[in-house]
Amino acid sequence: MIANQNTLHKFHIPVMGLGYTVDSPIKIARYGISSAVSIMDDHLLEDMRRIYCRKLNIPYIYIDEKEEDYRAKRVGAYLNLLHHAVENQTQELRQQDFDSDTEINQYFELLPEEHPLFQLYKKMSHASATEKKEIEVKLKDAIHPGSIDVNIMTKVDKINFDRNGDELPREYSDALSALRGFAQSELNSAVVFSAGLNPALYSYIEQFPDFFPDANGKIKKRIILKVSDYRSALIQGRFLAKKGIWISEFRIESGLNCGGHAFATDGFLVGPILEEFKTNRESLRETLLNGCQAALQEKGLPLLPENIKPKVTYQGGIGNAEENSFLMEYYQLDGTGWGSPFLLVPEATSVDEDTLDRLIRSKKSDYYLSHASPLGVPFNNLRISSGEEQRIARIEKNRPGSPCYKKFLTFSKEFSDKAICTASREYQNLKTKQHKAGETTDSALNEVLEKDCLCEGLSAPAILNAGETPRRNLSAVTICPGPNLAYFKGVFSLKEMVGHVYGKLQINLDPERPHVFIKELQLYMQYLKSEMEKALPESNQKFETYIEKFKRNLESGIQYYQELTNAVAVGKEEVIKKMKEQLDEILLEIRGTVPIV
């Protein structure tokens, strides 16, 4: 066999919101493209299963909330539907003839030009009849779907209660239930853990044999860690290795130049972070492998192959094939993630028509880092989304906040022992009363009023895109694109966007778009300024130490980029020249802010 699902494409589509990639596997997995599905909202998964059962003419039996372990059952049922749908699509693809209008051609035409399968596919057009048949057999044998990966945001792990109000055992929490649904599904794929280490969740992995190697050293259910730096990768990797759990991939994501929640570092930039992974990759592999092998041996389980290696990939703000190729080659990556640009590709993601139109007419100033998330983590937002319009309209009607039905983000116990969501109408009403009594500041209240219901807003687009109305008619959409999307305009076909990733064609981008490294640096400068403004005039020694550390890290990162652009061709000559000018300007700006002692 020439290729398999692990080597066909060198890019993946990361999870986006709750709904934007919830059915992406049905859209693009048959072409060998991997994507990630959020499995945090079981209500959405159940709605999507109902919708697709009808579309695919499959019997549908509702999984009621009264059923024991309904959340895990819903997750598993939806994932199994995706699995069987993609398997059937792939089988149909293999049975097609290579006529000009068949999908099987698209499978190979999406590949990069240097891929052996693409070259073999092109060779078929001028081959003899006998050779053509041989090539067709090889090509069809090489067809494999992309991976149907799932995403669990580790911080979204609310403890749940039964119908009598009694607390359920720990394994029935949101994140653990989602993991159980994935673990018990038929998928042969990976779970992506994002947002950091959750000891209870990571320990729970041990309950499921599919996460351990079989007699042949193969792992059916794999672990991908989304990390922002090397230290995080090492800490989380060691924690899991002691349990015999292998990390199949470290998915490095920019702290700020990404979509969704933004987990900013203390000024550590992606270039130096990738360099650290490149330098320490073998050391990381050996450390984790030794830990895993010892734990597996102690458990009496099969060992991992000695030559096994974790993949290292990067995602966040990549805008063209030139940047993609440089990152892949210079940092020796196994792949890259392209998220937000695929929001403009209806063939790949689920974006309702209204939201798609808003994205197309948005300006760069419409993309901003907000306080919208009830998790208290900075959240990339779009000022002109229907979700933002609804939030503002509610405030103007003196009815701030949202009705709270799904309760995934109910973490605040500020006003009672019962946790509630800071985006809820209940919490915001209490906070408003507190403000009227003079017990909180204007800025503190405004930050609370900025909270939005992500549970409904991030799931609505998938239902709307399927031509249906979300439950309780909560159809306002929240969208969380990365800042990079501001430079893309228009609606694109799958072939156009994938061609852009590989450099087979070039989508016209805003000419003012900075290099991926510079854009992240600019975002960190904006973040630093906002942090400084937020603390003034009450800054203390601890805050000043934090600012100094942040600035030192930025300066160190700029020095790294200056040395890199002098030593390596990170892009075309005009790109490098512009980068050098921007690095000098930003360095002067840093040195002109709060003095570094």
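Numbering (the working numbering), first residue to last: -7 to 589. Note that CB positions come from ideal geometry on N, CA and C, so glycine has one too.
By a C-beta neighbour count over all protein chains shown, 10 Å radius and 16 as the cutoff for buried, is S467 buried or exposed? One-based indexing of the sequence shown puts residue 467 at position 475. Buried.
Using beta-carbon positions only, say whether A590 and I215 come within less than 8 Å of one another. Not covered by the structure: residue 590. The range shown for the chain is -7 to 589.
Cα-Cα separation between D202 and K428, rounded to whole angstroms: Translated into positions along the sequence shown, residue 202 becomes position 210. Translated into positions along the sequence shown, residue 428 becomes position 436. Near 55 Å, if we compare the C-alpha coordinates of K428 and D202.
What does H253 pair with, by DSSP beta-bridge criteria? On the sequence shown, residue 253 is found 261 positions in, with the first residue counted as 1. DSSP output for H253 lists F371 as bridge partner(s).
Just verifying my parser: in three-state terms, what is the DSSP assignment at Y4? One-based indexing of the sequence shown puts residue 4 at position 12. According to the sequence displayed, residue 4 carries His and not Tyr. Looking at H4 - three-state DSSP - the assignment turns out to be strand.
Under 7 Å: does the beta carbon of R386 sit that close to some heavy atom of the ligand ZN? Although the ligand ZN was asked about, the structure shown includes no ligands whatsoever.
Return helix, strand or coil for I151, following the three-state DSSP convention. The residue given as residue 151 occupies position 159 in the sequence shown. In this structure, I151 counts as coil in the three-state DSSP scheme.
Taking only runs of the alpha helix (DSSP H) that begin and end inside the region 55 to 112, which ones reach a length of at least 4 residues, in chain order? 62 to 86 and 95 to 101
Can you tell me where the beta strand (DSSP E) holding I215 begins and where it ends? Within the sequence shown, the letter at position 223 stands for residue 215. That run of the beta strand (DSSP E) goes R214 to V219.
Simplified DSSP state of M145, which is helix, strand or coil: By 1-based counting over the sequence shown, the position of residue 145 is 153. Of the three classes helix, strand and coil, the one that applies to M145 here is strand, per DSSP.
Only counting the same chain, and skipping five residues up and downstream in sequence, which positions put a Cβ closer than 8 Å to that of K124? Counted from its first residue, the sequence shown places residue 124 at position 132. Closer than 8 Å at Cβ, skipping near neighbours: M116.
Beta-bridge pairing of V14 - partner residues as DSSP gives them: Working through the sequence shown from its first residue, we reach residue 14 at position 22. Paired residue(s): none; V14 is not in a bridge.
Straight-line CA distance for N390 to Y322? Reading the sequence shown from its first residue, position 398 is the one you call residue 390. Reading the sequence shown from its first residue, position 330 is the one you call residue 322. So the alpha carbons of these two residues sit roughly 55 Å apart.
Note down, in chain order, each residue of its chain lying with its Cβ closer than 7 Å to the Cβ of F334, except the 5 sequence neighbours on either side. Counting from 1 along the sequence shown, the entry for residue 334 is found at position 342. Contacts found: I5, A340, T341 and M489.
When you compare each of K541, Q533 and D576 to Y552 by their alpha carbons, which one comes out closest? Taking the first residue of the sequence shown as position 1, residue 552 is located at position 560. Closest option to Y552, Cα to Cα, is D576.
Buried versus exposed call for F3 [16 or more other C-beta atoms within 10 Å across all chains shown]: The residue you call residue 3 lines up with position 11 of the sequence shown. Flag for F3 reads buried.
Cβ neighbour criterion (16 or more within 10 Å) applied to I588: The residue labelled residue 588 in the question sits at position 596 within the sequence shown. In this predicted model, I588 has a pLDDT of only 40, less than 50, meaning its place in the structure is not dependable; the value taken from the coordinates is given anyway. The residue in question, I588, is exposed, as its Cβ has fewer than 16 Cβ neighbours within 10 Å.
Inter-residue spacing [alpha-carbon to alpha-carbon] between E388 and I135: By one-based count along the sequence shown, residue 388 stands at place 396. By one-based count along the sequence shown, residue 135 stands at place 143. Cα to Cα, E388 sits roughly 55 Å from I135.
DSSP three-state call for D305: helix, strand or coil? Counted from its first residue, the sequence shown places residue 305 at position 313. First, the amino acid is wrong: residue 305 is Thr here, not Asp. Reduced to three states, the DSSP call for T305 is strand.
I244 beta carbon less than 8 Å from that of V219: For the purposes of this step, residue 219 is identified with residue 227 of the sequence shown, where counting begins at 1. For the purposes of this step, residue 244 is identified with residue 252 of the sequence shown, where counting begins at 1. Yes, the Cβ-Cβ distance between V219 and I244 is below 8 Å.
Using only alpha-carbon positions, find the residue among F509, F535 and S522 that is nearest to M571. Mapped onto the sequence shown, residue 571 falls at position 579. Comparing Cα-Cα distances from M571 to each of F509, F535 and S522, the minimum goes to F509.
Could you check if F153 is buried or exposed, using at least 16 other CB atoms within 10 Å of its CB as the buried criterion? By 1-based counting over the sequence shown, the position of residue 153 is 161. Exposed, since its Cβ has fewer than 16 Cβ neighbours within 10 Å.
My output table needs one value for R162: the three-state DSSP class, helix, strand or coil. Translated into positions along the sequence shown, residue 162 becomes position 170. Helix, per DSSP.
Report buried or exposed for E581, applying the criterion of at least 16 other Cβ atoms within 10 angstroms of its Cβ. Position 589 of the sequence shown, counted from the start, is the residue given in the question as residue 581. Label assigned to E581: exposed.
So L401 and V148 are in contact, right, with Cβ under 8 Å, and what is the actual spacing, rounded? As a working note, residue 401 is residue 409 in the sequence shown. As a working note, residue 148 is residue 156 in the sequence shown. Confirmed, about 7 Å.
Nearest-angstrom Cα distance between Y113 and I127? Within the sequence shown, the letter at position 121 stands for residue 113. Within the sequence shown, the letter at position 135 stands for residue 127. The alpha-carbon atoms of Y113 and I127 are separated by roughly 8 Å.
Determine the burial state of K526: buried for a count of at least 16 other Cβ atoms within 10 Å of its Cβ, exposed for fewer. Here residue 526 refers to the residue found at position 534 when the sequence shown is read from its first residue. Exposed: under 16 other Cβ atoms inside 10 Å.
Whose C-beta lies closer than 6 Å to the C-beta of K405 among residues of the same chain, with five residues either side of it excluded? Taking the sequence shown and counting its residues from 1, one reaches residue 405 at position 413. Excluding sequence neighbours, K405 sits near A411.
Identify the continuous beta strand (DSSP E) that holds R41 and give its terminal residues. Taking the sequence shown and counting its residues from 1, one reaches residue 41 at position 49. Run containing R41: none in the beta strand (DSSP E); it sits in the alpha helix (DSSP H), D34 to K47.
Buried or exposed by the 16-neighbour rule on C-beta atoms within 10 Å, applied to I20: Taking the sequence shown and counting its residues from 1, one reaches residue 20 at position 28. It counts as buried.
Start-end ranges of the alpha helix (DSSP H) lying completely within the region 437 to 462, minimum 4 residues: 446 to 449 and 452 to 457
Can the beta-carbon of L37 be found closer than 8 Å to that of R66? Your numbering for residue 37 matches position 45 in the sequence shown. Your numbering for residue 66 matches position 74 in the sequence shown. Contact: yes.
Buried or exposed: G292, going by 16 or more other Cβ atoms within 10 Å of its Cβ? Mapped onto the sequence shown, residue 292 falls at position 300. G292 comes out exposed.
Of the listed residues D221, I239, T279 and L280, nearest to E267 (C-alpha basis): Within the sequence shown, the letter at position 275 stands for residue 267. Nearest C-alpha to E267: D221.
Test item: CB-CB of L446 and S378 under 8 Å: Here residue 446 is taken as the residue at index 454 of the sequence shown, counted from 1. Here residue 378 is taken as the residue at index 386 of the sequence shown, counted from 1. Contact flag unset, no.
Burial state of I53 (16 or more Cβ within 10 Å): For the purposes of this step, residue 53 is taken as residue 61 along the sequence shown, with counting starting at 1. With fewer than 16 Cβ atoms within 10 Å of its Cβ, I53 is classed as exposed.
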